[in-house]
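Student: Terminal number for the sequence shown in this note's numbering: 415, no gaps in between. C-beta atoms are modelled at their ideal positions from N, C-alpha and C, and glycine is treated no differently. Below: one structure in structure tokens.
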Amino acid sequence: MGRRFALVEAAVSCGSPTRGSEGAFDALVQAGLSDLFGGARLAPMEKLTPCASWPDGLRHLDTVMEVCRRLRANTLEALERGEYPVVIGGDHSCAMGTLAALGEFYSPEELAVVYVDAHTDINTDQTSESGCIHGMDLAAACGLCCDALTVGKRKVNLLGENLHFIGARSIDPPEYGVVKRAGAHLHTADEVRERGLQAVLGEVLPALAGKRVHISFDVDVLDPAEFAATGYNIPDGLSIAQVERILGAVLDTGLTCSFECVEYNPTMDPGGKDLAALMGILRMVSDKLK
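Here is the structure:
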């Protein structure tokens, strides 16, 4: 019997400055995503109206946390059913819900995260200048944020040494300190260019041995010349071929327990060019997992 999948929606965009990514799940499902994953069970989510007010430093807190709580429950259900969760965001604040579920189902010590993103998203509520929670999700998952950013019944504190960033190129100055203190492994887009992807993967892949691995893929890691339908278009990103090589290499370890794709914004893709490109990447992912 082959692997069974659940496509889990994380319908949130108000963790970021731009609206629209909450529609990514619908756009991808309409494009045939369920078929790619062998008729995967769908776990959709009600779209919530962004809250009108929030505390200082935590924009749209109530709405973001409600989505993350629902995502945690839906991801846990998929894991308990023996399904492989494929989470479709939404902005990257949803990773708080995904990681809370994974940390509970497995254990914080057992879980490694490969974070393929233009950002490190490890600001705390104290270091963030924007107050946008999509830049705090990993800090929250590591227990570095205030109690208001706790998704489940208890904090699930992941180990920083099990965090592996690949492709980051927009990092706030305080985040370097948080990454260092957490003991996380940062491989920037510049490093990929200078040392080569093979050298970077040669450091990341052996460190995953013996772990349950979660891949969190943010489409803004891609260079805008190849993919622009996202809230941040930052130059000097990775190519689609490089991203496929990264994702494929991690999937080939056989250690992954879940996959997450975030920040595709269909409202910025009227012709569907980037949707087609993203479906191509996800087709590769599904082929590796089947």
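According to the Cβ coordinates, are residue 364 and residue 385 closer than 8 Å?
Tutor: Not in contact: residue 364 and residue 385 (Cβ atoms no closer than 8 Å).
Student: Are residue 339 and residue 227 close, meaning C-beta to C-beta below 8 Å?
Tutor: It is a contact, given that the beta carbons lie within the stated cut-off.
Student: For residue 267, which three-state DSSP category applies?
Tutor: Residue state, collapsed to three classes: coil.
Student: Evaluate contact between the stretch 146–160 and the stretch 181–189, counting only Cβ atoms and requiring at least three cross-stretch pairs below 8 Å.
Tutor: At 8 Å Cβ cutoff, the stretches do not touch.
Student: For residue 175 versus residue 219, is the C-beta distance shorter than 8 Å?
Tutor: In this structure, residue 219 does not lie closer than 8 Å to residue 175 by Cβ.
Student: With 16 as the cutoff for other CB atoms within 10 Å, does residue 208 come out buried or exposed?
Tutor: Buried.
Student: Whole angstroms is fine: what's the gap from residue 221's alpha carbon to residue 199's?
Tutor: Each residue's alpha carbon lies about 13 Å from the other.
Student: For residue 388, which residues of its own chain have a beta-carbon under 7 Å away from its beta-carbon, when the five flanking residues on both sides are left out?
Tutor: Answer for residue 388: 146, 214, 216, 217, 343, 344, 345, 355 and 356, listed in chain order.
Student: Determine the direct distance from the alpha carbon of residue 246 to that of residue 266, and round the result to whole angstroms.
Tutor: Whole-angstrom Cα-Cα distance: 11 Å.
Student: Report the three-state DSSP secondary structure of residue 408 (helix, strand or coil).
Tutor: The answer is helix: DSSP assigns residue 408 an H, G or I state.
Student: Do three or more CB pairs link the stretch 186–194 to the stretch 228–246 at distances below 8 Å?
Tutor: Contact fails: fewer than three Cβ-Cβ distances are below 8 Å.
Student: From the DSSP secondary-structure annotation, give me the bridge partner or partners of residue 347.
Tutor: Answer by DSSP bridge pairing, in chain order: 363.
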